[in-house]
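In terms of our numbering, the sequence shown has 116 at position 135, counting the first letter as 1, and numbering is strictly consecutive.
The next block holds one structure in the form of structure tokens; read it before the comments.
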Amino acid sequence: MDGVPLRATQPSVQVGPAPATATATAAPIASLFPPLTGRVVDTAQLLTPSAQVYLTQMLERLEQSTSDQVVVVTVPSLGGYSIEEFGLQLGRHWGIGRKDRNNGVLLLVAKDERQVRIEVGYGLEGRIDDIWAHLIINDSIIPYFKDELYSSGIITGTTSIVRLLEPNSTRMLEHRWVVQSWYQQIEWLWWFKLVFFSVFVGVPLVGLLLYTRDDGEAASAGRRDTGDDSSRREPRAERDSSASSGSFDWFDSSSSSSSSSSSLDSDSFRGGGGSFGGGGASGSW
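Here it is, written out as structure tokens:
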């Protein structure tokens, strides 16, 4: 009988609170942050060397043209913290973005938790709001991550972020994404898609085709009256050429050889004192 009270003094309920206490006290969140070594911090080793070079060049070009700072970071684990808290505190700790503009973005990937987050600085929340961040994660990143194509997913997601921030291509990208994401989100409502397409796309398209046909016939008649019109066609061709490439020229040039000079060396990269307020979105795969 003497053994009974001795066993009673060893409460089994300690098993419950012990992990929470350990998580809260043994691993301060700042101790989990990797050092800011460049625009790409791949501590989880998810990226190929060529992908790191490609991303670094792209993000250098972005900062040169807009002053916006985007950093890609992968970590092995979040250490028990939520990815929202981890991303917010990491962005503040590194000070991504300029202090006077708060124009930083963090693309965070947590390997063990299989989670990804886009953390957006105060100054860019109007360009990349929570909805856009959600679309980038779910449409551009997670499909690749599910197939363990981490470099492809990160490159695609980062490219989407960059194109939203690059002023010349924002309008075109937003229009394309609105249509694409709209159809993807309501795929199960096939009947609504049909009605929407017929009313808002089909009818205007028919009208546009009829208008351009009439305009083309009138232009042909004018050319027959005036003879050679090569001087008129050249400006048209130049306009068409600029429209077809236009806003994408900036991104296409980012894949050029690293031999081109750059005033932004990734070895000396540092944050500019920017701050974050929790804007962005998260996802998992």
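Note that beta-carbon positions come from the ideal geometry of N, C-alpha and C, so glycine has one too.
**Request:** Return helix, strand or coil for Thr18, following the three-state DSSP convention.
**Result:** coil
**Request:** Compute the distance between the beta-carbons of Leu88 and Thr139, then report whether it is under 8 Å.
**Result:** yes
**Request:** Have a look at Ser121, Leu130, Gln50, Asp128 and flag the residue whose alpha-carbon is nearest the alpha-carbon of Ser141.
**Result:** Ser121
**Request:** Consult DSSP for Ser63 and reduce its assignment to one of helix, strand or coil.
**Result:** coil
**Asked** Applying the criterion that 16 or more other CB atoms from any shown protein chain within 10 Å of the CB defines a buried residue, is Thr18 buried or exposed?
**Response** exposed
**Prompt:** Roughly how many angstroms separate the alpha carbons of Ser63 and Trp113, rounded to a whole number?
**Reply:** 21 Å
**Message:** Quick test of your reading: Gly102 and Ile123, contact by CB under 8 Å. State the CB separation rounded to the nearest angstrom.
**Reply:** Not really, about 23 Å apart at Cβ, beyond 8 Å.
**Asked** Taking all protein chains shown into account, do 16 or more other C-beta atoms lie within 10 angstroms of the C-beta of Gln50, making it buried, or fewer, making it exposed?
**Response** buried
**Asked** How many Å lie between Arg268 and Ser48 at the Cα?
**Response** With the chain covering -18 to 266 only, the question about residue 268 has no answer from this structure.
**Request:** Might you give, ordered along the chain, the residues of its own chain that have their beta carbon closer than 6 Å to the beta carbon of His115, omitting 5 neighbours on each side?
**Result:** Ala262
**Request:** Keeping to the same chain, check which residues put their C-beta closer than 8 Å to that of Asn84; ignore five residues upstream and five downstream.
**Result:** Thr47, Ser48, Asp49, Gln50, Gly78, Gly102, Gly104, Leu105, Gly255
**Request:** Return the residue from the list Gly60, Gln96, Trp75, Leu40 that minimises the CA-CA distance to Leu13.
**Result:** Gly60
**Message:** Less than 8 Å between the C-beta atoms of Val90 and Ala8, yes or no?
**Reply:** no
**Asked** Could you give the residue range of the beta strand (DSSP E) that holds Leu88?
**Response** 85 to 91
**Request:** Go ahead and label Leu130 buried or exposed: buried means 16 or more other beta carbons lie within 10 angstroms of its beta carbon, across all protein chains shown.
**Result:** exposed
**Message:** If you follow the alpha helix (DSSP H) that Glu94 is in, where does it begin and where does it stop?
**Reply:** Where Glu94 is concerned, there is no enclosing alpha helix (DSSP H), given that its DSSP letter is neither H nor E.
**Request:** Measure the Cβ-Cβ separation of Ile109 and Val143 and say whether it is below 8 Å.
**Result:** no
**Request:** Under 6 Å Cβ to Cβ from Phe67, same chain only, skipping five residues before and after it: list those, please.
**Result:** Leu59
**Asked** Which of the three DSSP states, helix, strand or coil, is assigned to Ala262?
**Response** strand
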